[in-house]
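S.K.:
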Amino acid sequence: MVLDIQALSKSYGETPALQEISLQVRQGELLTLLGPSGSGKTTLLKVIAGFEAPTSGRVLLRGRDISRLSPARRGVGMVFQNYALFPHMTVAQNVAYGLKLRRVGRAERERRVREMLGLVRLEGLEGRYPRQLSGGQQQRVALGRALAYDPEVILMDEPLGALDRALRIEMEEQIRGIHRELGATIVYVTHDQQEALALSDRIAIMRAGRVASVGEPAQIYTRPADSFVAGFFANANLLAVREHELLGDGSARVRCGDGEVRCASTAKAGDRVTLAVRRRSLWRACAPGSLRVAGVVSEMLLFGDEQEISIQSPEFGRIVATIDSRDCGGIVLGAELELFVSAEEAVLVPCV
Amino acid sequence: MTRALLGDRFTGAASAAVVAVTTFALLVPAALVMVLSFSDDRFFDFPPHAWGLHQYRTLLEDSRWSLALWLSVRIAAPVALLAALVVVPTLFTIHRSRLPFRNALQVGGIAGIILPISAYAVAMYGVYAQIGLLGTYWGLVLANLTLAVPVMLLVTSAAMSRIPVELELAAMVAGASRMQAWFAITLRLLAPAIMAGGVLAFVTSLDEAVLINFLGGPGQETLPKAILDSVRYGLEPVITAIATLLMVGTSLAMAFAVRLARRGAL
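Here it is, written out as structure tokens:
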């Protein structure tokens, strides 16, 4: 384990920003802190980096308590959303900055800068100044600067937030590649689920200063821990449940609308529950043992190969379904539509 | 055409006219003085009867003017330097600390140029008389400093707010102490603005004509005071040459300062 966060809390005056956060980051993994703005993910990163002191709790880096150390003595690297490159230094000087402070010799420094610029594919640009580079190139310099002195862990604070979509996808690929190649341990902050899914080994979903759920992307996606995780991470519809019975093997019998299904469950006895149904788990064809959801079509958005159909159901309120365009024949705005939820893709979750 | 557009056109034309008249009113006397400075006449007359460099020769020969200039420079140079020494820590306090009264510091810092200068001069006269600073060199330096600090603070504060704090954080994560980050990154990026502020502080002090009349003692004749006295006790044409040199000098200094400030912009 590289990073061990133990019962960490941080408050600004009376306002709690982080509450009792415990989180472990393993060697060589990319862990994403995912959450809406104000959920505390950036604050957590700042506490790890040493820009903010925790109110209580500890941060251990390879077993060493770094909670009270200055940022300089923690041995972490960081990539900022707005690059934060030193404008008066060239690309090479930016990358060499951490090495220079560590009194690495000139020859070794130059070798290391060449290596880093090769890694982030910026060979030939070492003499340029940041303002002469594009946004994507600047962020690659920032990545090189953070990696150059071989830190134990690299913190990334929404590093792709300022880039446009096409560039973001390209950079995601590059970050994945570098992560694999170096086996670097990375804590990555974002509010974008797609980015988190594309990059992460594990994801910690944050809500109101707490970690709502930690796990592998597929696991969080298919077995969300609660209604917030299901709604925020998987964009799931939350259906009101009439009755339910937990069956003890991680599944439950659920009466919902005019049907009854057996489905997976992450709820505990006594929880208030709701049925999480992802947008792609709604079909036009009725399979045996599926739930019927009906309502008036209120919105249709064409996404190319698929369409996003919203229906207004008297029983469940607004339901959004993503349906293959080939199956969309006969769907008319303002007309009645019935859809079916396949039971194996629905999850009973506790409400938060 | 809509009414709003017409209104726009009218205000546009009106403000252009105001700017034109103001500029004209400012520039004509300045141009006139410059023209007059190349007159060889003994007395003011326009247009001059004879052209030449007589006024500039008089200026060089009369030690009174060079002494006055020398005193002004001897005050303005330390004022600019001391202003930087006061302003730089103030900037870091205002922009980088979490002190509760840091905004009050910003307002207090520029008070010197908000207060009416004559009222301020009376107040300083009272204080100086009490502590025996009247008519002293350091008294004048201190008085001019209270005017130069606000000027410099305004220029550099704008530049400081354009330097993202993340740059310091990035330096610190990479292994720099807070002091190293401040010196190697923030102060380095602030340097052009500090230089520009220094030039403005120097010019402000060089040009100071009110406080000197209250706080200066016998024999303490700065350039603005010498000009004022010369006008008061009989008009000597030589002041056209001084005025011209002052205008050209400060314009060049200002242009230099503006260029520095622009180069410093991120």
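Chains as they are written, first to last, in this note's numbering: chain F, 1 to 352; chain P, 1001 to 1266.
Ideal Cβ placement from N, Cα and C applies to all residues, glycine included.
A quick note: this is a predicted structure, and the numbers were derived from the prediction, not measured.
How many angstroms separate the CA atom of F/Arg103 from the CA atom of F/Gly63?
M.R.: Going by the C-alpha atoms only, they are around 26 Å apart.
S.K.: Using C-beta distances below 6 Å, list every residue in its chain close to F/Glu158, excluding the 5 sequence neighbours before and after it, in chain order.
M.R.: Excluding residues within five positions, the ones whose Cβ falls inside 6 Å are Gln81, Val189, Thr190.
S.K.: Quick one: what's got a C-beta closer than 7 Å to F/Gly40's C-beta in the same chain, skipping five residues either side?
M.R.: Result list for F/Gly40: Ala17, Leu18, Met206, Gly209, in chain order.
S.K.: Taking just the CA atoms, how far does P/Ala1171 sit from P/Leu1179?
M.R.: Reading off the sequence, residue 1179 of chain P comes out as Met, not Leu. About 10 Å.
S.K.: Let's test the definition: count the other Cβ atoms within 10 Å of the Cβ of F/Lys46 and tell me whether it reaches 16, buried, or not, exposed.
M.R.: Buried, because 16 or more other Cβ atoms sit within 10 Å of the Cβ of F/Lys46.
S.K.: For the alpha helix (DSSP H) containing F/Met116, list its first residue and its last residue.
M.R.: Where F/Met116 is concerned, the enclosing alpha helix (DSSP H) stretches over 106-119.
S.K.: Just the chain F side, please: which residues come within less than 7 Å of P/Ile1212 by C-beta, in chain order?
M.R.: Neighbours of P/Ile1212 on chain F: none; closest Cβ ~40 Å, over 7 Å.
S.K.: Start and end of the alpha helix (DSSP H) containing F/Arg180?
M.R.: Counting along the chain, the alpha helix (DSSP H) containing F/Arg180 begins and ends at 165-182.
S.K.: Three-state secondary structure (DSSP) at P/Arg1009?
M.R.: The answer is helix: DSSP assigns P/Arg1009 an H, G or I state.
S.K.: Can you tell which of F/Glu29, F/Ser9, F/Gly215 has its C-alpha closest to the C-alpha of F/Ile21?
M.R.: Ranking the options by Cα distance to F/Ile21, first place goes to F/Ser9.
S.K.: Over what stretch of residues does the beta strand (DSSP E) that includes F/Gly57 continue unbroken?
M.R.: 56-61 is the span of the beta strand (DSSP E), which, as asked, contains F/Gly57.
S.K.: What residues match up with F/Gly295 in a beta bridge as DSSP calls it?
M.R.: Paired residue(s): F/Leu337.
S.K.: Helix or strand or just coil, what does DSSP make of P/Asn977?
M.R.: Since the first residue of chain P shown is 1001 and the last is 1266, residue 977 of chain P is not available in this structure.
S.K.: Going by other Cβ atoms of all chains shown within 10 Å of its Cβ, with 16 needed for buried, is P/His1054 buried or exposed?
M.R.: Buried is the call here.
S.K.: At least one CB of chain P closer than 8 Å to the CB of F/Leu122: is that the case?
M.R.: F/Leu122 does not count as touching chain P.
S.K.: Could you give the DSSP three-state label for F/Lys46: helix, strand or coil?
M.R.: Looking at F/Lys46 - three-state DSSP - the assignment turns out to be helix.
S.K.: Identify each residue in the region 85-102 of chain F for which the Cβ-Cβ distance to at least one residue of chain P is less than 7 Å, and report them in chain order.
M.R.: Going along the region 85-102 of chain F in chain order, one finds Phe86, Pro87, His88, Tyr97, Gly98, Leu101, Arg102 with a Cβ nearer than 7 Å to chain P.
S.K.: If you drop the 5 nearest sequence neighbours on each side, which residues of the same chain put their C-beta closer than 8 Å to that of F/Ala49?
M.R.: For F/Ala49, where only same-chain residues beyond five positions count, the Cβ hits under 8 Å are Pro71, Arg74, Val76, Met78, Leu155.
S.K.: Specify the secondary structure class of F/Pro16 as computed by DSSP and reduced to three states.
M.R.: F/Pro16 falls in the strand class under three-state DSSP.
S.K.: Can a CB atom of chain P be found closer than 8 Å to the CB of F/Pro71?
M.R.: For F/Pro71, the answer is yes, since a Cβ of chain P falls inside 8 Å of its Cβ.
S.K.: Name the DSSP bridge partner or partners of F/Trp283?
M.R.: According to DSSP, which records beta bridges pairwise, F/Trp283 is partnered with F/Phe340.
S.K.: For F/Val91 versus F/Leu119, is the C-beta distance shorter than 8 Å?
M.R.: Cβ atoms of F/Val91 and F/Leu119: not closer than 8 Å.
S.K.: Any beta carbon from chain F within less than 8 Å of P/Leu1266's own beta carbon?
M.R.: Low confidence applies here, because P/Leu1266 scores a pLDDT of 48, under 50, leaving its location unreliable and the question unanswered by this model.
S.K.: On a Cα-Cα basis, can you pick out the residue from P/Arg1162, P/Thr1093, P/Ser1039 that is closest to P/Leu1190?
M.R.: When each option's Cα is compared against that of P/Leu1190, the closest is P/Arg1162.
S.K.: So, at 8 Å on beta carbons, what are the nonlocal neighbours of F/Ser290 in its own chain, with the 5 sequence-adjacent residues on each side left out?
M.R.: Gly259, Val261, Trp283, Phe340, Val341, Ser342, Ala343.
S.K.: Please look up how many angstroms separate the CB atoms of P/Val1141 and P/Val1087, rounded, as I've assumed it's under 8 Å.
M.R.: About 16 Å separates the two Cβ atoms, so there is no contact after all.
S.K.: Using CA coordinates, which residue listed in P/Ala1020, P/Ala1068, P/Leu1081 is at the minimum distance from P/Leu1200?
M.R.: The option with the nearest alpha carbon to P/Leu1200 is P/Leu1081.
S.K.: Buried or exposed, going by whether 16 or more other CB atoms sit within 10 Å of the CB of F/Thr15?
M.R.: Burial call: exposed.
S.K.: Quick one: using the 10 Å Cβ neighbour count with 16 as the cut-off for buried, is F/Gln106 buried or exposed?
M.R.: Reading off the sequence shown, one finds Arg at residue 106 of chain F, where the question assumed Gln. Flag for F/Arg106 reads exposed.
S.K.: What would DSSP say about F/Ile331, mapped onto helix, strand or coil?
M.R.: Coil.
S.K.: Using only CA atoms, which one of F/Arg279, F/Cys256, F/Ser251, F/Gly257 lies nearest to F/Lys268?
M.R.: Looking at the Cα atoms, F/Ser251 is the closest of the given residues.
S.K.: If we ignore side chains and look at the alpha-carbon of each, how far apart do F/Gln24 and F/Gly334 end up?
M.R.: For F/Gln24 and F/Gly334, the distance between alpha carbons rounds to 50 Å.
S.K.: Using the beta-carbon of each residue, which ones in chain P are nearer than 8 Å to F/Val76?
M.R.: The answer, in chain order, is Val1173.
S.K.: Nearest chain F C-beta to P/Ser1097 closer than 8 Å, yes or no?
M.R.: No, P/Ser1097 does not count as interfacial toward chain F.
S.K.: According to DSSP, which residues form a beta bridge with F/Glu260?
M.R.: F/Glu260 is bridged to F/Arg255.
S.K.: If you draw a straight line from the C-alpha of F/Phe86 to the C-alpha of F/Leu301, how long is it?
M.R.: Near 44 Å, if we compare the C-alpha coordinates of F/Leu301 and F/Phe86.
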